[in-house]
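Numbering (this note's numbering), first residue to last: 246 to 914.
First the structure, in the form of structure tokens, and then the observations on it.
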């Protein structure tokens, strides 16, 4: 429904996507630092800064042209002994670390960028020390431990191997159902990996001929500087110094997101946290003052914690008589409003993609051919797959253009909660198959896009993902089992000692959702039998919001900033709250403003050379620092007692303010 230029911003043309080696540019390196004359400049501003090739030799997408090489060497070995060894180790450690830190109060996401950096010296060390002897010469299984220099394709495949440490093999087949759409969307998250590949490769090739200052270490050092400065700007940080920039756990890497997406997130966060939630609390909507304003807990009508065990039978089903005695379940103001925002985000995603990208989506499908059940019955699994497949493309489009992915957890919970109420485990399973499989499909597409950019054979890609997923599944399970057996009272907040990091915030929210949507059911909370039924109007508000933006864009086509108002991003930014807290968003916006607005507008040369490297360095620096602090302090059971130990610096944030409500550790008003 938009112009050809709008389509160019979203899609990679088929000509570029399928370009053969003979059509590639003869230039060996990605021209990230090569100046061009004004006569050679591309009409696209960012391409003109760095790419000394004509438009027909490079991608029409400016960010892709900045980072993706246009040449390929098919003779480079891919599946080598180094790939198998380093890939397996990277996948093992990333799986262990992500599962390990996922149980902590400030969940830390150790991304594949960290492994990508760590394996560089190991790869070169193996290339320098291993024998180049060829074994089983002349036979089918002929191989060598050292086929030569550590090359870029080995490096990329190890990175993809490691990235499988983020999840299970759910949703891996969904991309094939999307037809040609899976090939043309731009994977923004892949560009930091490509930039790091270019840095590692170019340093080796240009040694002795150009300035080879270690740009990447400087950016890792910057991680520590920003942590210190951010502590002065936003004092409510935790004792591990990681909560401030641990935002990639919730909103993905800041420098990768375009500034308009960061601005949308900032606006959505400010409206929600400083307007909607305080207004609802002040007006005492749904008896809000009986409960903390910011909490992921479940409460009874008197402000006390809801006794879930009292309303479940021995089979984890709802006991209706016990539920009627216990009374209805209540949520904090923030928790209830966040579900409303989730409703709005769902409808906004569908309407936004239909209005702004509907013609592209339709054209893509037209032009391409391509013993005992655990509460959830077989048809529930099939329905979850249908939901996941239906939303993979619209969510993928939003992710490709903004680096943000609206969550599907609300709609999956709503559907199964209405169809199959009273079964909390069924809701958990349906949520995993319907929501997590869609997320994994998006990550799968992202890895394939990285392999496409770096000219990795598809079969090698697929095999690395299969093996990585199998390793990750085993390591995740064993790590969780080990922690449950070795950490006393893990996830039991009431029984943990003060300051313990093992609070499992994500698991608590997941459990609360199973009670709300499964055990009690949406009809008794958000339906005609519940007291939060008015929140369903958020569905309509979310559907209308993109329509208003689209009409304004058509009415004022000379105002390009109107089209940059992306309602799914503005609303979906809040999908991780809880367990995310305001400090995760404020620090994320600060870094995004510095990189996406200040650096891009006023220091364009620096942005061109270092922005995506900075993204990878921030992720890697955070991960390395998290592991370092745990090894030095956590394993020695050393805790720091200082002013930063106060996580929110607002004692009343976790207390009710209504008169007569008694809560442990809180004053009585």
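No residue lacks a Cβ here, since even glycine has one placed at the ideal position from N, Cα and C.
Keep in mind the model is a prediction, meaning the values are calculated, not measured.
### Message
With H, G and I counted as helix, E and B as strand and the rest as coil, what does DSSP make of residue 563?
### Response
strand
### Message
Cutting at 7 Å between CB atoms, please list the residues of its own chain near residue 580, excluding the five before and the five after it.
### Response
540, 541 and 823
### Query
Does DSSP classify residue 979 as helix, strand or coil?
Any property of residue 979 remains undetermined from this structure, which presents the chain solely from 246 to 914.
### Message
Taking contact to mean 3 or more Cβ pairs, one atom from each stretch, closer than 8 Å, check whether the stretch 813-833 and the stretch 593-607 are in contact.
### Response
yes
### Query
Roughly how many angstroms separate the alpha carbons of residue 835 and residue 828, rounded to a whole number?
Answer to the nearest angstrom: the Cα atoms are 11 Å apart.
### Query
Quick one: what's got a C-beta closer than 7 Å to residue 907's C-beta in the same chain, skipping five residues either side?
913
### Query
Given that a residue counts as buried once 16 or more other Cβ atoms are within 10 Å of its Cβ, and exposed if not, what is residue 387?
exposed
### Query
Going along the chain, which unbroken runs of the alpha helix (DSSP H) with 4 or more residues stay wholly within the stretch 542-601?
565-571
### Task
Look at the alpha carbon of residue 915 and the alpha carbon of residue 862, and state the distance between them as a whole number of angstroms.
Because the chain is modelled from 246 through 914, residue 915 falls outside the range shown and cannot be assessed.
### Task
Determine, using beta-carbon pairs with one atom in the stretch 743-753 and one in the stretch 549-565, whether at least three such pairs fall under 8 Å.
no
#### Entry: Contiguous beta strand (DSSP E) assignments of at least 3 residues, all confined to the stretch 346-420
none
### Message
Please return the same chain residues whose Cβ sits closer than 6 Å to the Cβ of residue 467, not counting the five positions on each side in sequence.
### Response
Bear in mind that the predicted position of residue 467 carries a pLDDT of just 40, short of 50, making it too unreliable to give a figure here.
### Message
Would you call the stretch 567-581 in contact with the stretch 761-772, where contact means no fewer than 3 C-beta pairs closer than 8 Å?
### Response
yes
### Task
Within the stretch 732-800, note down every full alpha helix (DSSP H) run reaching 4 residues or more, in order along the chain.
Look at the stretch 732-800 and you find these whole runs of alpha helix (DSSP H), each 4 residues long or longer: 750-758 and 782-800.
### Task
In the DSSP assignment, find the unbroken alpha helix (DSSP H) run with residue 877 in it and report its ends.
849-877
#### Entry: Rounded Cβ spacing between residue 630 and residue 678 (contact assumed at less than 8 Å)
7 Å
### Query
Under 8 Å, do residue 390 and residue 376 count as touching if we go by C-beta distance?
Contact: yes.
### Query
Where do the N-terminal and C-terminal ends of the alpha helix (DSSP H) with residue 811 fall, by residue?
Note, residue 811: premise wrong, no alpha helix (DSSP H); not H, not E.
#### Entry: With 16 other Cβ atoms within 10 Å as the buried cut-off, status of residue 877
exposed
### Message
Pairs of beta-carbons, one from the stretch 331-346 and one from the stretch 706-724, closer than 8 Å: are there three or more?
### Response
yes
### Message
Check this for me: beta carbons of residue 588 and residue 783, under 8 Å apart or not?
### Response
yes
### Task
Let me know if residue 850 comes out buried or exposed under the rule of 16 or more other beta-carbons within 10 Å of its beta-carbon.
exposed
### Query
Is residue 662 closer than 8 Å to residue 504 when the C-beta atoms are compared?
no
### Query
Under three-state DSSP, which class holds residue 336?
If DSSP states are grouped into helix, strand and coil, residue 336 belongs with the helices.
### Query
Is the beta carbon of residue 865 less than 8 Å from the beta carbon of residue 852?
no
### Query
Would residue 701 pass as a contact of residue 401 if the rule is Cβ separation under 8 Å?
For residue 701 and residue 401, yes; Cβs fall inside 8 Å.
### Straight-line Cα distance separating residue 515 from residue 806
Rounded to the nearest angstrom, the gap between the Cα atoms of residue 806 and residue 515 is 19 Å.
### Query
So, helix, strand or coil for residue 529, using DSSP?
Reduced to three states, the DSSP call for residue 529 is coil.
### Which of helix, strand or coil DSSP assigns to residue 659
helix
#### Entry: Exposure label - residue 796; buried when at least 16 CB within 10 Å
Its Cβ having fewer than 16 others within 10 Å, residue 796 is exposed.
### Task
Within its chain, find whatever has a CB closer than 6 Å to the CB of residue 350; leave out the 5 residues flanking it on each side and keep chain order.
746 and 748
### Query
Do you know how far the Cα of residue 583 is from the Cα of residue 590?
10 Å
### Query
Excluding the five sequence neighbours on either side, which residues of its own chain have a C-beta within less than 7 Å of the C-beta of residue 422, listed in chain order?
In this prediction, residue 422 has a pLDDT of 42, which is less than 50 and means its spatial position is unreliable; nothing more can be read from the coordinates.
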